[in-house]
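Colleague: First the structure, which I've put down as structure tokens, then a few questions once you've had a look.
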Ligand SMILES: Cc1cc2nc3c(=O)[nH]c(=O)nc-3n(C[C@H](O)[C@H](O)[C@H](O)COP(=O)(O)OP(=O)(O)OC[C@H]3O[C@@H](n4cnc5c(N)ncnc54)[C@H](O)[C@@H]3O)c2cc1C
Ligand SMILES: NC(=O)c1ccc[n+]([C@@H]2O[C@H](COP(=O)([O-])OP(=O)(O)OC[C@H]3O[C@@H](n4cnc5c(N)ncnc54)[C@H](OP(=O)(O)O)[C@@H]3O)[C@@H](O)[C@H]2O)c1
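Residue numbers (this note's numbering), protein chains in the order written: chain A, 2 to 438; chain B, 7 to 251.
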């Protein structure tokens, strides 16, 4: 296999790696690399922190292994290579009346990355996590491809789904698509006045897809105000949106300054009329709202940004409110703040979801923001919540391990599959995930 | 009328992007190459992306015995038949210098093999009286350079062949395009250092399809390579022979 030395980062661009990367384009090439020179697999590098980095080591870029291998139009069962992107699948299958069962907030996520993080979407409360839809995947092992199903290889399945790539490269996966009623999505947007109003609305929503945007700069009576979006797929005539605006260079530091953010958030909140409204959108506009602007992460400037995402149990909603209060008081929040009701669905030992509320916030990198995120992390621990490792770049091992009760089961299987620790990534080392025995 | 592309060297990175785009346009693909299991996957993928016909067939540029079955299979395909040739290999010049017998294989893969196959297919294309032949050469064929002149020579030979083929097939309504890509981000170039103006394979693929629609004769893709190569070609040999580019 040929290796290329590259510098790369996760989506947040705060943490960086330099190392050799191979990019196999077919299964036989991946097999050769895995048996002779094993290294962690990475996808589209849409994890924010260091989950997809292996500084001073090697990595296998899976993005060129992106074929759709089979599809059964009766059952919706699809078999794809792991480098296949969720957004591509949406594009190919919506005209046939199907869509991926779970879609994260960007379409530029590979199926392999989706499994390794057991990703969730706007339908998590009903449909569960991505891994729950996977009926089979093929792992590339030293001895060649190994087919894994949740029944026959329960522990290997659970150690791989949400397993941070530590059981080795996923070559391909099978999962069942969902029926789409049409090629558009009907979205009902509702203005929400404050936190107290938000939670019951999320709890009582019976829409297939629902997500809350909150204005993390609003304080006092307006604390936690935002917009609730609820959506269903439908048929109709809406032209697809034009793709592909790029943020060419690193934006200047003031692009997302506190004043700009505050003003933007207020305007954004008011764009939805007080009575609410229902709009029909192209399907990808709703699921992947930012994908039209390529490289939007550069808006945060050269030094990058952090995302903090936690989930806390229902009973700890008060703790989440305190977090929002703290963030609002800090004046550090960005426009991207998402609040969602999660169901209990998860498929792996290290999967993030738990029944409760999840909050995701972006912060431009600064010392103050890093201090704030550490405080939010402590509050998450106190609330028996969990930090999402796909977003994390600041977590501390003593906090993180306790959040994942099945951690030991994961470790046992992972160490069996990868005794030489060849698949370790920067995140795994930073959080000392494989140090214990 | 429906169009089917015979894609020669279909496992190539650029060819895969091309096959996908042709499929999305509703065109058929006959995928010819060495790695059958890989070709089957590509065929399946093209099918889901809109190709009404997608099939794999064995082809090895160094095995002329594999050529006739392709002609036979093509005969059975109705509608417009077009051919796109992507096969080629580029061993390091240093490896060739150390092992001169590599010259033959390099020239077979990029030039004489595909030329033999195209010559075999030509009468069928003439009979159909329409369609396109897109042959992928390279900017490396525009001038022999220190770094890869055996590869360059095979591409130069292929360019001359395509030019003659254009002259011949044009008379019966079949259009021939010479495609000269610059550096492309593919398996062939992965790991090579300091490549200028690297393009994505999707760009080359869409340029070829557009050239076919517009009946272009020779294209540089991306277009920036036309002025670059115009300059490089105009450097007097007595200066060029001392250069390292
Ligand atoms: C704008 C944006 C919105 C997002 N929204 C959501 C959301 O709503 N819900 C959600 O859950 N997540 C969300 N994410 C996070 C994202 O879904 C995950 O980080 C996902 O894992 C990224 O996939 P990737 O292909 O980029 O993988 P990478 O980030 O490259 O890798 C992620 C992990 O997967 C492993 N991996 C990748 N491919 C393979 C493979 N083939 N075999 C084995 N291991 C592999 C890597 O080793 C690494 O541990 C969002 C990210 C962005 C940038
Ligand atoms: N990448 C660039 O920068 C660049 C620039 C200019 C021109 N080109 C040309 O573009 C074309 C496609 O190359 P690529 O960049 O996509 O590289 P690639 O992925 O390495 O493709 C090369 C292809 O040629 C096939 N091949 C080699 N020898 C063969 C043989 N004897 N019989 C049958 N098939 C054979 C390979 O088949 P296997 O899969 O069986 O090995 C592979 O499909 C080539 O002609 C190349 O010269 C490339």
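The C-beta atom is built at its ideal place from N, Cα and C for all residues, glycine as well.
#1: Which whole-angstrom value describes the C-beta separation of residue 166 of chain A and residue 426 of chain A, a residue pair presumed to lie in contact below a C-beta threshold of 8 angstroms?
#2: Can you list the residues near ligand 2, meaning Cβ strictly closer than 5 angstroms to any non-hydrogen atom, in the order they appear in the chain?
#3: Cutting at 7 angstroms between CB atoms, please list the residues of its own chain near residue 250 of chain B, excluding the five before and the five after it.
#4: Nearest-angstrom Cα distance between residue 232 of chain B and residue 227 of chain A?
#5: Over what stretch of residues does the beta strand (DSSP E) that includes residue 363 of chain A continue unbroken?
#6: Starting from residue 6 of chain A, follow its DSSP beta bridges and name the residues at the other end.
#7: With ligand 1 as the reference, list in chain order each residue whose Cβ lies under 5 angstroms from any of its heavy atoms.
#8: Compare the beta carbon distance of residue 77 of chain B and residue 126 of chain B with 8 angstroms and say whether it is the shorter of the two.
#9: For the putative contact between residue 90 of chain B and residue 140 of chain B, defined by C-beta atoms under 8 angstroms, what is the C-beta separation to the nearest angstrom?
#10: Which residues does DSSP pair with residue 86 of chain A in a beta bridge?
#11: Terminal residues of the continuous alpha helix (DSSP H) containing residue 184 of chain A?
#12: Hey, would you say residue 277 of chain A sits closer than 8 angstroms to residue 372 of chain A, going by beta carbons?
#13: For residue 417 of chain A, name the three-state secondary structure that DSSP assigns.
#14: Taking one C-beta from the segment 21-29 of chain B and one from the segment 207-220 of chain B each time, how about it: are there three or more such pairs within less than 8 angstroms?
#15: For residue 106 of chain A, does the three-state DSSP call read helix, strand or coil?
#16: How would you write the range of the beta strand (DSSP E) that residue 90 of chain B sits in, first residue to last?
#17: Exposed or buried, residue 368 of chain A, counting other C-beta atoms within 10 Å across all chains shown (16 or more means buried)?
#18: Buried or exposed for residue 175 of chain A, please, with buried defined as at least 16 other CB atoms from any protein chain shown within 10 angstroms of its CB.
#19: Step through the CB atoms of chain A and report whether any lies within less than 8 angstroms of the CB of residue 178 of chain B.
#20: Which of helix, strand or coil does DSSP assign to residue 156 of chain B?
#21: If you follow the alpha helix (DSSP H) that residue 269 of chain A is part of, which residue opens it and which one closes it?
#22: Can you give me the C-alpha to C-alpha distance between residue 404 of chain A and residue 387 of chain A, rounded to a whole angstrom?
#23: Could one say the Cβ of residue 193 of chain B lies closer than 8 angstroms to chain A's Cβ atoms, at least one of them?
#24: In chain order, what residues of the same chain have a beta carbon less than 7 angstroms from the beta carbon of residue 17 of chain A, not counting five sequence neighbours either side?
#25: What number of angstroms, rounded off, separates the C-alpha of residue 67 of chain B from the C-alpha of residue 14 of chain B?
#26: Closest Cβ-Cβ distance between residue 33 of chain B and chain A: below 8 angstroms?
#27: Determine the direct distance from the alpha carbon of residue 72 of chain B to that of residue 244 of chain A, and round the result to whole angstroms.
#28: Can you name the residues that DSSP bridges to residue 72 of chain A?
#29: Please classify residue 241 of chain A as buried or exposed, where buried requires at least 16 other C-beta atoms within 10 Å of its C-beta.
#30: Between which two residues does the beta strand (DSSP E) harbouring residue 212 of chain A extend?
#31: What separation, rounded to the nearest whole angstrom, lies between the Cα atoms of residue 410 of chain A and residue 158 of chain A?
#32: Give the C-beta separation of residue 182 of chain A and residue 129 of chain A to the nearest angstrom, bearing in mind that I take them to be a contact with Cβ-Cβ under 8 angstroms.
#33: Could you pull the start and end residues of the beta strand (DSSP E) that residue 145 of chain A belongs to?
#34: Specify whether the segment 51-70 of chain B and the segment 239-250 of chain B touch according to this definition: at least 3 beta carbon pairs, one from each stretch, less than 8 angstroms apart.
#35: How should residue 19 of chain A be labelled, buried or exposed, when 16 other C-beta atoms within 10 angstroms of its C-beta is the threshold for buried?
#36: Looking at residue 171 of chain B and residue 124 of chain B, is the spacing between their C-beta atoms short of 8 angstroms?
Modeller: A quick look at the data gives this:
#1: Indeed they touch by this definition, with Cβ atoms about 7 angstroms apart.
#2: Counting only heavy atoms of ligand 2, the residues whose C-beta sits closer than 5 angstroms to one of them are, along the chain, B/15, B/17, B/18, B/19, B/20, B/40, B/41, B/66, B/67, B/68, B/92, B/93, B/94, B/95, B/115, B/142, B/144, B/187, B/189, B/190, B/192, B/193, B/194 and B/195.
#3: Only 152 meet the Cβ criterion.
#4: The straight-line gap from Cα to Cα measures roughly 53 angstroms.
#5: 357-365 is the extent of the beta strand (DSSP E) around residue 363 of chain A.
#6: Beta-bridge pairing links residue 6 of chain A to A/21.
#7: Selection output, chain order preserved: A/12, A/41, A/42, A/43, A/44, A/45, A/46, A/47, A/48, A/52, A/53, A/63, A/83, A/105, A/106, A/107, A/110, A/111, A/113, A/114, A/117, A/118, A/120, A/121, A/165, A/166, A/170, A/171 and A/391.
#8: The criterion of a C-beta distance shorter than 8 angstroms is satisfied by residue 77 of chain B and residue 126 of chain B.
#9: Indeed, because the Cβ distance is near 4 angstroms, the residues count as touching under 8 angstroms.
#10: The partner list for residue 86 of chain A (beta bridge, DSSP) reads A/111.
#11: Residue 184 of chain A -> no alpha helix (DSSP H), and no H or E assigned at all.
#12: No. Outside cutoff.
#13: Here residue 417 of chain A carries a helix assignment [DSSP, helix/strand/coil].
#14: With contact defined as three or more Cβ pairs closer than 8 angstroms, the segment 21-29 of chain B and the segment 207-220 of chain B are in contact.
#15: Coil.
#16: Start and end: 86-91.
#17: Per the 10 Å Cβ criterion, exposed.
#18: A residue is called buried once 16 or more other Cβ atoms fall within 10 Å of its Cβ, and residue 175 of chain A is buried on that count.
#19: No, because no Cβ of chain A sits closer than 8 angstroms to the Cβ of residue 178 of chain B.
#20: DSSP places residue 156 of chain B in helix when its eight states are reduced to three.
#21: First-last of the alpha helix (DSSP H) with residue 269 of chain A: 259-272.
#22: C-alpha separation (whole angstroms): 5 angstroms.
#23: At least one CB atom of chain A sits nearer than 8 angstroms to the CB of residue 193 of chain B.
#24: Residues 8 and 10 of the same chain have their beta carbon placed closer than 7 angstroms to that of residue 17 of chain A, with the five preceding and five following residues left out of the count.
#25: If I take the Cα positions, the gap works out to 9 angstroms.
#26: At a cut-off of 8 angstroms between beta carbons, residue 33 of chain B makes no contact with chain A.
#27: With a pLDDT of only 47 at residue 244 of chain A, under the threshold of 50, the placement of this residue in the model should not be trusted; the figure read from the coordinates follows. So the alpha carbons of these two residues sit roughly 43 angstroms apart.
#28: Answer is A/79, bridged to residue 72 of chain A.
#29: Reliability fails at residue 241 of chain A, whose pLDDT of 47 lies under 50, so the model's placement of it is uncertain and no value is given.
#30: That run of the beta strand (DSSP E) goes 210-215.
#31: Distance between the alpha carbons of residue 410 of chain A and residue 158 of chain A: 12 angstroms.
#32: Separation of the CB atoms of residue 182 of chain A and residue 129 of chain A is rounded to 20 angstroms, and the pair is thereby denied contact status at 8 angstroms.
#33: Per DSSP, residue 145 of chain A belongs to the beta strand (DSSP E) from 145-149.
#34: The segment 51-70 of chain B vs the segment 239-250 of chain B: no contact.
#35: Counting Cβ neighbours within 10 Å, residue 19 of chain A comes out exposed, since fewer than 16 surround it.
#36: In this structure, residue 171 of chain B lies closer than 8 angstroms to residue 124 of chain B by Cβ.
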